[in-house]
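Structure first, commentary second.
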Amino acid sequence: MKYYLDRLSLVSRAARLGYNMLMVDSDVLFLEDIYSHLKSPPLRDYTLMALRDPYNGLLNCAIIYIQNARPDGPAVQLMAEVPDRIERWAEGAETDSLVSAVAGRPIAFGCWQYWPTQPQKDAWNTAHIRLFRPNETGGFGIQHFMQMEKVRWPEGLVRAAPGFPITAVSDLWTATIRVPSSQGTWPEDLGGPIYPGPRAGNASGWIELLKSDGQAMWPDPEDPVQAAAAAALTERFAFLPDWLGAYWMQRAPAGGAAGNSGYWSAPLLATHAAAVARAGMPMPAGAQPPASPYALVHVFHPPGGGHLKQLGKMAMGHFPWHLMHHLRHDGGLYLGASTQHAPVPDVLAYTPEVEGREWASYAEWNAAALALARLALEVGRAAAFPAPRCNVSWLGGTKNNHLPLQLPESDDVKHTWMIPYGRPGEGFSSLRCMLGGYLARGCMHSTWFYPSGLLAPEYDDFLAHVQHNNLGMAVVASGLLANASAAAAVAQQRAATGVAARVAGEAAAAASGRVDSSNLSTGPGGEAVWDAGALAAALMAAHGGPGSGMHDKGGGQQHAQQQQLRPRLLLLPAVPVLSSKAGPRMKVFEENSSGGETCHWLLGKPFM
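Below, the structure is given as structure tokens:
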């Protein structure tokens, strides 16, 4: 809250001193030049502009722009009123301050709207509607105090965006604002007096600080003598149109989610021309380099949830990996998998050939992803959560070899659980879709009993880090998973007798790819079907023991010595076929996942 107040205080004071000012959250991405649009129609004549919240339709302070504001005018007063209200009594002040500025009197609709009975809620809504429309009743919303018009998408943005509809439009909500005045009355149906008496402490100090800037002050909203002066001071307010504040799940003009369109992705924009040329559809001579139709976007509640805002920036090629590695020398940059004792964890992943195959269906891919996650849990390694190519048949096929991406939805695949990602410098040639239950918050939080995993951009960084620092990688012996070797191992073990013989040969068997038939059966196609715990034991015996995810602390000298021998990255050359029997670590995970946030996907439970 302190930093929120600091930002709003800075905006209001800087604007009073004659500065135009842009305030953005850290999850806002600049894709194109924004000022050419802020300074041209339809926005150039608006003093204050802000992001419209996609959930409640009202003011969201993630993006604020104030220009050419009077030091004593309603735009500056509105910004200053937010910290003033918070200091005086309440939260949720930004939208109430806006509605007050439009209504011309101080009100507290949003903060005080939580009435216990429906009749009280109805009366509260009706009283506020009648400030603007005396004969209406019902729910109070933006349509009662602002005007909306459809405006054309800027030609310059449309022209450079491949496949973007040339007729695209956006809603533009606007209003005239003025300095509010109580006019000496506090109607009971509007809540009565909304302030707890005269200012004191921080609230009084805030007003004195504003006065110390040496600029004229706006009329006092609580002094009825100044009501006429307040009413005479007007400026214009607008909610930013879609090209200056789209959020991830907002419907794009061509359909689908804006954040999944590919137009936010720097790597995809950079490689679009080469991609269409490979497809036999080269761009016309003299065509502009592909650019985004969005100038400014908000990574607000990306697929999977708000905990993945940073992933959204990574996936779109807007994450400063090089800078972050300078700031975090230990390499602990991974959302779910980095821990204090293992900032760069031990990881289990599929080889690129496995991950990039033509998965026949979501079900086939999801089974492979779950098998990897289950096995990673048992060996104490973070799973490199696999991401299928976005051009597999069930994700749109060749439609996703160029912009815009056309990712379909189904019962299994939803836009709210899907994030496209192309590597910087590669773009379409490496385009994959992170999707499904592993995006959920519970799957992206490591604990002493769950090592979590890496998402595709993180895994790419991890792989480069491992290679650069010679941390070691190994590929599991194909014989451990391959059908022919598995069948031979089964026959060999069946011919052996005695427990002692099995125990004596365990380490050698694991290292050579031979297996213990007591933990192995064969499926209908002759494939090896492992119990997860048994396969994990074989892998750990062959590759340096348990991974860092089984150590919730540093582990001492013995663990440090083991880590020197253990490859940081272990690769599976095939999808292991696992029985439904839970391994020992899965049992611990299940026992500790009864309450709170957990990885429902890994437990086989619904996550959507």
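Start counting the sequence shown at 1; every next residue gets the next number (UniProt numbering).
Glycine included, each C-beta is placed from N, C-alpha and C at the ideal position.
Nothing here was measured: the structure is a model prediction, and the numbers come from that model.
Check	Outcome
Is the segment 403-410 touching the segment 377-386 in the sense that three or more CB pairs, one from each, lie closer than 8 Å?	no
Out of D96, R7 and M79, point me to the one whose CA is closest to M49's CA.	M79
Pick out whichever of S212, L240, Q226 and R199 has its Cα sitting closest to the Cα of V24.	L240
Near S430, which residues of its chain fall below 6 Å by C-beta distance, leaving aside the five closest residues on each side in sequence?	G422 and R423
Buried or exposed, going by whether 16 or more other CB atoms sit within 10 Å of the CB of I63?	buried
Since Q147 sits in a beta bridge, which residues does DSSP pair it with?	T174
Tell me the rounded alpha-carbon separation between E208 and R88.	15 Å
With a threshold of 7 Å on Cβ separation, who are the neighbours of T398 within its own chain once the five nearest residues in sequence on each side are excluded?	N391
Less than 7 Å between C-beta atoms, sequence neighbours within five positions excluded: which residues of the same chain meet that for A504?	Its pLDDT being 30, under 50, A504 is placed unreliably by the model, and nothing is read from it.
Could you check whether the Cβ of F449 sits closer than 8 Å to any heavy atom belonging to the ligand SAM?	The ligand SAM is absent from the structure shown, which contains no ligands of any kind.
State buried or exposed for T185, treating a residue as buried only when at least 16 other CB atoms are found within 10 Å of its CB.	exposed
Hey, out of L348, W112, M444 and S452, whose CA is closest to L372's CA?	L348
Within its chain, find whatever has a CB closer than 6 Å to the CB of residue 609; leave out the 5 residues flanking it on each side and keep chain order.	Past the boundaries of the shown model lies residue 609; the chain is included only from 1 to 608, so the question cannot be answered.
Taking Cβ positions, are S182 and P221 nearer each other than 9 Å?	yes
Exposed or buried, what is F30 when buried is set at 16 or more other beta-carbons lying within 10 Å of its beta-carbon?	exposed
Helix, strand or coil for R328, going by three-state DSSP, please let me know.	coil
When you compare the segment 12-19 with the segment 292-306, are there three or more beta-carbon pairs, one atom per stretch, that lie closer than 8 Å?	no
Under a Cβ-count criterion, where at least 16 other Cβ atoms within 10 Å of its own Cβ denotes burial, should K150 be classed as buried or exposed?	exposed
Under the three-state reduction of DSSP, which class applies to C443: helix, strand or coil?	helix
State the start and end residues of the unbroken beta strand (DSSP E) segment that holds R52.	L48 to R52
Taking DSSP as the reference, what is the three-state secondary structure of M281?	coil
Count the other CB atoms, across all protein chains shown, that sit within 10 Å of the CB of V499; report buried if there are 16 or more and exposed otherwise.	Note that V499 scores a pLDDT of 31, beneath 50, so its modelled location is shaky; the value from the coordinates is reported in the next line. With fewer than 16 other Cβ atoms within 10 Å, it is exposed.
Checking 9 Å against the spacing of the C-beta atoms, do P303 and L435 come in under that value?	yes
Compare the Cα-Cα distances from L570 to each of P404, G583, L405 and A382 and report the closest residue.	A382
Please report the residue range of the alpha helix (DSSP H) in which F462 lies.	A456 to H468
Near H128, which residues of its chain fall below 6 Å by C-beta distance, leaving aside the five closest residues on each side in sequence?	F109 and F140
Where do the N-terminal and C-terminal ends of the beta strand (DSSP E) with L59 fall, by residue?	L59 to I66
Report yes or no: do three or more beta-carbon pairs, one from the segment 329-342 and one from the segment 439-456, lie closer than 8 Å?	yes
Spatial neighbours of W124 within its chain, please: CB distance less than 7 Å, with the 5 preceding and 5 following residues excluded, ordered by chain position.	Q113 and W115
Got a sec, what are the start and stop residues for the beta strand (DSSP E) G24 sits in?	Reading the sequence as shown, one finds Val at residue 24 and not Gly. From DSSP, the beta strand (DSSP E) with V24 extends over M21 to V24.
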